[in-house]
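Undergrad:
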Amino acid sequence: SFLQGSKLEIPLWLAKGLHDSKRRIISVELPKIYREAWRTVFSADANVVDLHKMGPYYYGFGSQLLNFENPENPEIAQTILQASLSWGWLCVTCLCSLQTFVARFRRIMDSSQNAYNEDTSALVARLDELERALFQVGQKGLNDFQCWEKGQASQITASSLVQNYGKRKLAEVDG
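Counting with my numbering, you get residues 186 to 360 for the letters of the sequence shown.
#1: Just checking my contact of SER297 with GLY336 at CB under 8 Å: how many whole Å lie between their CB atoms?
#2: Straight-line CA distance for ASN252 to GLY202?
#3: What are the start and end residues of the alpha helix (DSSP H) that includes ASP187?
#4: What is the DSSP secondary structure of SER339, counted as helix, strand or coil?
#5: Between which residues of its own chain and LEU308 is the CB-CB distance below 6 Å, once the five residues before and five after are set aside?
#6: So, for ASN258: in the same chain, excluding its five sequence neighbours on each side, which residues have a beta-carbon less than 7 Å away from its beta-carbon?
#7: Could you check whether the region 283-294 touches the region 205-218, counting it as contact only if at least three pairs of C-beta atoms, one from each stretch, sit closer than 8 Å?
#8: Determine, using beta carbons only, whether LEU197 and ASP313 come nearer to each other than 8 Å.
#9: Return the CA-CA distance between TYR242 and LEU346, expressed in angstroms with no decimal places.
#10: Report the CB separation of TYR301 from GLN331 in whole angstroms; it is logged as a contact under 8 Å.
#11: Here's the rule I'm using: 16 or more other beta-carbon atoms within 10 Å means buried, otherwise exposed. How should LEU193 be labelled?
#12: Taking buried to mean at least 16 other C-beta atoms within 10 Å of its own C-beta, is ILE195 buried or exposed?
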């Protein structure tokens, strides 16, 4: 048993269940990376922060924290906002890391485009999982472009959707 006022680290899914609108069995404290001191660091220079070390799912986890009533939610939301608006990969409520994401996005994409046939492990080690996915997309685009430039690209074919559309049109004409 636990005494009232005890502090525990518990999984997010359990905290959500114990803090729902009906029960309020627990109160939730923000992890340090989402508190005001860290938001100040992000606004000064987001690129110096090792997001992966602080939590590999910074943007996604931060958006989940918005489910808990916290007076800092508007500021957290502002920090994550750009990720959801720019990419549409996160739900509309994950508005927490806009400034952080935007500040880091340009550097991530520049790095992905300027690291052809190089070891990128040091570059991606400090990235959140969303940022790693963006880096990989940038690398794939660069590699595909390099192959195309060298004439090594595969033959372009019509998508199955376009091919099926053509077949439907012929069926309508014949019918």
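Positions of the beta carbon are idealized from the N, C-alpha and C atoms, including for glycine.
TA: Judging by the given coordinates:
#1: Not really, about 23 Å apart at Cβ, beyond 8 Å.
#2: 11 Å
#3: Note on residue identity: the sequence assigns Phe, not Asp, to residue 187. Segment: none, PHE187 is in no alpha helix (DSSP H) and carries neither H nor E.
#4: SER339 sits in coil when the DSSP states are folded into three classes, being neither helix nor strand.
#5: SER296
#6: In chain order, LEU251 place their CB closer than 7 Å to the CB of ASN258, counting only its own chain and leaving out the 5 sequence neighbours on each side.
#7: Between the region 283-294 and the region 205-218 there are fewer than three C-beta pairs closer than 8 Å, too few to call the two in contact.
#8: no
#9: 35 Å
#10: 6 Å
#11: exposed
#12: Exposed, since its Cβ has fewer than 16 Cβ neighbours within 10 Å.
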